[in-house]
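Start counting the sequence shown at 6; every next residue gets the next number (our numbering). All residues carry an ideal CB built from backbone N, CA and C; glycine is no exception. This structure is a prediction, so every number in the text was calculated from the model and none was measured. One structure is given here, and the rest of the page talks about it.
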Amino acid sequence: MKLDRSEILRYMKMGRAEPDAVLTVRIDRLEHEVLAAARPVSQYLRTAVRLARGAGQPLGDAAGEDAPRYEIGPLTLASRDLWRCLRGAREAYLFAATLGHDVDRLIRKYAALSAADLLIVQAIAATAIEQYIDDETASWGEKLLPRYSPGYGDLPLSVQPDFLAALDARKTLGITLTETFLMIPSKSVTAIIGIQP
Numbered sequence: 006m007k008l009d010r011s012e013i014l015r016y017m018k019m020g021r022a023e024p025d026a027v028l029t030v031r032i033d034r035l036e037h038e039v040l041a042a043a044r045p046v047s048q049y050l051r052t053a054v055r056l057a058r059g060a061g062q063p064l065g066d067a068a069g070e071d072a073p074r075y076e077i078g079p080l081t082l083a084s085r086d087l088w089r090c091l092r093g094a095r096e097a098y099l100f101a102a103t104l105g106h107d108v109d110r111l112i113r114k115y116a117a118l119s120a121a122d123l124l125i126v127q128a129i130a131a132t133a134i135e136q137y138i139d140d141e142t143a144s145w146g147e148k149l150l151p152r153y154s155p156g157y158g159d160l161p162l163s164v165q166p167d168f169l170a171a172l173d174a175r176k177t178l179g180i181t182l183t184e185t186f187l188m189i190p191s192k193s194v195t196a197i198i199g200i201q202p
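Structure representation (structure tokens):
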């Protein structure tokens, strides 16, 4: 996997600053460690997007007091923001991906050793999971809408248990949840990805 250095620097909050030679060597070393530890895997389900029964509005019309409710595979989700993101899509993917537990072990290692290295490792891992997802979804060869994840906007993290169950993600990807619905491994992503109508 080839990572975009500018994305790593963005996650490091470097702004327009260029890293000096010492920092560049440090990033190179830690990038090698993260990529060696990463075991990226994903799981997805392509499914229809339908207006939930009793929602009272046709698909694509978000007027009214209540957020539109959709059936996306086995999930029923109420979200105005998701409605905007899906833009009338009739099909979508439920998608989950992770870099695996070894990256979390690396993060814990640097949390104990060096705050600066921890920042760099976190930035590299965040870039790596995003790059992996971009590569995976590009391989589908479809025009996709921007992905939308639980925890964004008005789609709560509390949908995560049903989302992961729909993909059998505990068994297939090794993803579990904390009591507050955060994913373990931490460098994991769930998303709804609409197929452009």
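Alpha carbon of residue i to alpha carbon of residue j, nearest angstrom
i	j	result
L187	L82	18 Å
G65	A41	The pLDDT assigned to G65 is 41, lower than 50, so where the model puts this residue is not dependable, and the model offers no usable value.
S84	I200	18 Å
A60	I77	Note that A60 scores a pLDDT of 49, beneath 50, so its modelled location is shaky and nothing firm can be said.
K192	L104	6 Å
A68	R110	Residue confidence for A68 is low, a pLDDT of 38 falling below 50, so the modelled location carries little weight and cannot support an answer.
Q165	T181	10 Å
K176	A26	43 Å
L50	L178	14 Å
I189	D107	11 Å
E23	A72	44 Å
Residue of the options minimising C-alpha distance to residue i
i	options	result
D167	R34, R55, L99	L99
L80	R44, L169, T29, D140	L169
E126	E38, M6, E12	It is Val, not Glu, that sits at residue 126 in the sequence shown. The shortest C-alpha separation from V126 is found at E38.
I138	V46, D25, M17, Y16	V46
K7	D140, A102, P155	D140
A57	R51, R74, R44	R74
T52	R21, L172, L124	L172
R89	A43, D159, Q136	D159
I134	K18, A43, P161, M17	A43
Residue j beta carbon less than 8 Å from that of residue i
i	j	result
A131	I198	no
A102	V194	yes
L28	D122	no
R95	V54	yes
Y153	A116	no
T142	L150	no
D9	Q136	yes
Beta-bridge partners of residue i, as assigned by DSSP
i	result
Q48	A101
E96	A53
Helix, strand or coil at residue i [DSSP, three-state]
i	result
R10	helix
L172	coil
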